[in-house]
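Novice: Let me begin by handing over the structure; questions about it come next.
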Amino acid sequence: KNEVEQSPQNLTAQEGEFITINCSYSVGISALHWLQQHPGGGIVSLFMLSSGKKKHGRLIATINIQEKHSSLHITASHPRDSAVYICAVYGGATNKLIFGTGTLLAVQP
Amino acid sequence: DAGITQSPRYKITETGRQVTLMCHQTWSHSYMFWYRQDLGHGLRLIYYSAAADITDKGEVPDGYVVSRSKTENFPLTLESATRSQTSVYFCASGTSRKNTEAFFGQGTRLTVV
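Now the structure itself:
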C-alpha cells in the first residue's frame, strides 16, 4: 500500500463546478505539498501546509493532521485548471518527500 | 531568466550509451534534487545534493551518477542506459531537505531504445 494515496485518480468536471481532490497518508509528517503539473509541462508548487487551511485565488487546501488527510478544492473551475494534481508529504521513517500518484483533472467547457 | 532549467527537454538514446541530463538553477538554492516520474508511480527521488560537493542517494539511485561541482549545476548521468530508465526526469531545487519551497524544472523526457 502506498504511503500517500490520492482520490480520485481521474476526475472530469464541467466548467464552473466545485472540485475536491483528496489525499490520505499513513506516515507522520511535518509538511504536505500540493503540486500542479500541466500536460507536457513542468511541476508547480501550489501549497505547502502543516496545519489548518490555505487559500490562493480559487484554490483552497486544508489539512487534518489527526486524520492524516488533506483536500485540495477548486472553486468555479475553468478549463485551464485541467492538469495533474499531486500530493506530497515530507516525513516518514526516512524523512523524505513522498509523492502520491496524482489526480488527473479535466475541466470541460 | 531566473529559475531552474533542464536540458535537453527530449532525448532518445540507445541501450548502453552514456547520457547526461543537465540542470541549472539561478536562485543559489543549496539543495537540488533529481526525480523520475513513471506511470503508476509517484515521483521518485534518485539523488539529491545538500551543497556543492555533497550528494546522497535517494530511493532509486542504481544506474545513475551525479555530481555537483558548482552550486548552480546538478547534472545526472546514466552511465549505461537501459530501457527501464525510459522516464520523465525532473530536477528541483529548494532551501531545505524538506523542499518546503519546491521549485521544479520543466522535465526531460528520456527514451532508451
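These protein sequences, in sequence, are chains A and B.
The first sequence runs 1 to 109 under the working numbering.
The second sequence runs 1001 to 1113 under the working numbering.
Where is the CB? At the ideal position from N, CA and C, for every residue including glycine.
So which of B:G1094, B:R1083, B:Q1025 and B:L1045 has the shortest CA-CA distance to V1019 (chain B)?
Specialist: In the second sequence, counting from the first residue as 1, residue 1019 (chain B) sits at position 19. When only C-alpha atoms are compared, the closest one is B:R1083.
Novice: Based on Cα-Cα distance, which residue from B:W1027, B:T1026 and B:G1094 lies nearest to W1034 (chain B)?
Specialist: For the purposes of this step, residue 1034 (chain B) is taken as the residue at position 34 of the second sequence. Measuring from the Cα of W1034 (chain B), the nearest candidate turns out to be B:G1094.
Novice: Taking 9 angstroms as the cut-off, decide whether the C-beta atoms of S1096 (chain B) and Y1047 (chain B) are in contact.
Specialist: Locating residue 1096 (chain B) in the second sequence gives position 96, where the first residue counts as 1. Locating residue 1047 (chain B) in the second sequence gives position 47, where the first residue counts as 1. Cβ atoms of S1096 (chain B) and Y1047 (chain B): not closer than 9 angstroms.
Novice: For T75 (chain A), which of A:L49, A:G16 and A:F99 has the nearest alpha-carbon?
Specialist: The residue given as residue 75 (chain A) occupies position 75 in the first sequence. The candidate whose alpha carbon is nearest that of T75 (chain A) is A:G16.
Novice: Taking F1104 (chain B) as the query, report the chain A residues whose CB atoms sit under 9 angstroms from its CB, ordered along the chain.
Specialist: Here residue 1104 (chain B) is taken as the residue at index 104 of the second sequence, counted from 1. Chain A residues near F1104 (chain B): L35, Q37, G42, I43, V44 and S45.
Novice: Using beta carbons (cut-off 9 angstroms, strictly below), is F1074 (chain B) in contact with chain A?
Specialist: The count along the second sequence starts at 1 and reaches residue 1074 (chain B) at position 74. Not an interface residue.
Novice: Which same chain residues end up closer than 6 angstroms to H73 (chain A) when comparing Cβ atoms and leaving out the 5 residues on each side of it in sequence?
Specialist: Indexing the first sequence from 1 puts residue 73 (chain A) at position 73. Here the set comprises T20 and I60.
Novice: If you run the structure through DSSP and keep just helix, strand and coil, what is D1056 (chain B)?
Specialist: For this step, residue 1056 (chain B) is matched to residue 56 along the second sequence. DSSP places D1056 (chain B) in strand when its eight states are reduced to three.
Novice: In chain A, which residues lie with their C-beta within 8 angstroms of the C-beta of H1041 (chain B)?
Specialist: Indexing the second sequence from 1 puts residue 1041 (chain B) at position 41. In chain order: T101.
Novice: If the criterion is Cβ atoms closer than 9 angstroms, does the pair L104 (chain A) and V89 (chain A) meet it?
Specialist: Numbered from 1 along the first sequence, position 104 holds the residue referred to as residue 104 (chain A). Numbered from 1 along the first sequence, position 89 holds the residue referred to as residue 89 (chain A). No. Outside cutoff.
Novice: Quick one, which residues of the segment 1045 to 1078 of chain B are near chain A if we go by CB-CB under 7 angstroms, in chain order?
Specialist: Residues L1045.
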